[in-house]
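Position in the sequence shown counted from 1, then plus 92, gives you our numbering.
For glycine and all other residues, C-beta sits at the position ideal for the given N, C-alpha and C.
Nothing here was measured: the structure is a model prediction, and the numbers come from that model.
Each remark here refers to the structure printed beneath this line.
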Amino acid sequence: MVSVDQVLSTLSTVIDPDLKKSIVSMGMIKDLEINGSELKFTLELTTPACPFNDEIEQDVRKAIASIKEISKLDLKVTAKVMEGRSLSVDQMLPTVKNIIGVASGKGGVGKTTVSVNLALALAKTGAKVGLLDADIYGPSVPLMLGMDKAAMEVDNNKLQPVESHGIKVVSFGFFAEQAHQAAIYRGPIISGILKQFLVDTNWSDLDYLIVDLPPGTGDIPLTLAQTIPITGIVVVTTPQDVASNIAVKAFGMFQKLNIPIMGVIENMSYFTCTNEIEVPKRLWGKTKKKCGKIHYIFGKDGAKRMSEKHNLQFLGGIPLNPGIMEGSDSGRPVLVSDPNSTMSQSFMTVAKNVAARCSVLASQLGDEMKDAAAN
Ligand SMILES: Nc1ncnc2c1ncn2[C@@H]1O[C@H](COP(=O)(O)OP(=O)(O)OP(=O)(O)O)[C@@H](O)[C@H]1O
Ligand SMILES: [Mg+2]
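The structure is reproduced here in structure tokens:
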């Protein structure tokens with residue numbers, strides 16, 4: 093009969109492409125049982141949204157197939173998101189595994205659109221997701237999710253997030269009376285509100301908490317960076333901004349505060365022509381089809397080049413699509429109204445890349461904590 097040791101050393105040859113570590117050393121193999129020639133175990137992946145999950149599962153099956161003593165494999169695949177936050181500061185929000193800020197150098201680049209759809213895309217992979225609208229001066233998440241009539245309740249001195257399409261949402265927009273006065277509030281009050289939203293909310297167990305930030309590097313991004321340990325920041329940019337270095341300024345502040353920059357998302361990357369054009373039929377006559385030609389209106393690969401220059405990860409591009417605006421205004425984000433569209437697929441890709449970055453950062457954090465404990 094094959095030994096546990098033999099199975100584990102065979103499985104050690106399977107390397108997680110993101111984390112560059114063996115799946116055995118990462119503790120991904122659980123509940124291993126050998127019964128004669130039958131092998132049973134659970135493969136616990138680091139996130140349901142990992143872009144390499146299928147590849148890892150196939151590599152595991154291939155590795156096991158190479159052990160000739162095993163005739164049957166009963167493999168269960170699950171995912172448990174790793175904690176990407178150091179919780180040394182008073183164990184703040186210990187039930188939230190990852191906090192991801194969505195920032196930009198200037199306004200109107202699509203942070204809120206990205207935050208909402210990124211949160212929905214992560215939830216679609218099976219993760220537990222929260223969305224905090226930290227744009228206290230101009231909360232637009234309720235409108236985008238069609239929750240403008242929602243109100244928040246308080247239970248046991250904790251704010252209760254409001255559920256929408258499977259995600260938990262908190263926004264200053266839910267306090268209708270106060271929301272339109274926010275513009276007159278000064279820094280310390282705004283920071284206090286954000287701290288309360290973060291810490292005095294009953295988020296319960298979350299794999300990812302997405303924080304939609306206002307543009308620039310003012311009080312709110314600073315409060316987020318200084319109040320609570322966060323996994324990192326994703327920077328949203330448009331191809332037009334790349335040349336002017338506006339996005340670079342936004343991540344400079346976070347780098348100074350030692351907050352990891354998880355990567356760059358390019359919004360309004362390209363436009364796909366939807367005009368109907370006539371094309372010849374195979375035998376005779378003509379037929380109509382969608383043009384489908386891709387136009388890089390503001391230039392191609394700008395954010396990718398910027399990311400390479402600053403040694404940052406490029407997390408993906410989102411096309412320019414007039415439907416996005418209509419969907420946002422009517423409270424039906426594209427991931428809900430048209431989940432199979434190219435637009436939604438691009439958000440799914442970004443979400444998987446963000447989740448993969450969380451796993452990498454969590455793994456690095458784990459190593460640092462082990463090193464600190466050893467010294
Ligand atoms: N990919 C896209 N295609 C078409 N329109 C878009 C796209 N992304 C965002 N928009 C539109 O651009 C406008 C600004 O988007 P959004 O509110 O998400 O930006 P923001 O960066 O959060 O803005 P602010 O800085 O004011 O918070 C909205 O009307 C939105 O519908
Ligand atoms: Mg916004």
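The Cβ neighbour count for proline 186, taken over all protein chains shown within 10 Å, is under 16; the residue is labelled exposed.
By the Cβ criterion, the region 286–304 is in contact with the region 207–222, since at least three pairs of Cβ atoms, one from each stretch, lie closer than 8 Å.
For isoleucine 357 against leucine 407, the beta-carbon gap comes to about 5 Å, under 8 Å, which counts as contact.
Between cysteine 450 and glycine 176, the gap from beta carbon to beta carbon is short of 8 Å. Look at leucine 412: its beta carbon is less than 7 Å from one of the heavy atoms in ligand 1. Distance from the CA of threonine 366 to the CA of threonine 434, rounded to the nearest whole angstrom, comes to 12 Å.
Isoleucine 259 counts as buried, since at least 16 other C-beta atoms from the protein chains shown sit within 10 angstroms of its C-beta. With a cutoff of 7 Å, asparagine 209 does not count as near ligand 1, since its C-beta is closer than that to no heavy atom of the ligand.
In the three-state reduction of the DSSP assignment, alanine 243 falls in the coil class, being assigned neither a helical nor a strand state.
The residues Gly197, Val327, Thr329 and Asp333, in chain order, have a CB closer than 6 Å to that of alanine 339 in the same chain once the five nearest residues on each side in sequence are set aside. In this structure, DSSP gives glutamate 125 an extended state, which the three-state scheme calls strand. C-alpha of isoleucine 312 to C-alpha of valine 261: approximately 18 Å in a straight line.
What you get when you keep residues with a C-beta closer than 7 Å to any heavy atom of ligand 2 is Lys203, Thr204, Asp227, Gly230, Ser232, Asp304 and Pro306.
Nearest to lysine 189 by alpha-carbon distance, out of Thr139, Leu235 and Asp166, is Thr139.
Listed in chain order, the non-local C-beta contacts of alanine 155 below 8 Å within the same chain comprise Thr102, Leu103, Thr105 and Val106, local neighbours out to five positions each way being set aside. Lysine 381 and glutamate 370 have their C-alpha atoms roughly 6 Å apart. In summary, aspartate 227 is buried, with 16 or more beta-carbon neighbours lying within 10 Å of its beta-carbon over all protein chains present. Put simply, the backbone Cα of phenylalanine 144 is about 27 Å away from that of alanine 195. Distances from the CB of isoleucine 416 to the heavy atoms of ligand 1 include at least one below 7 Å.
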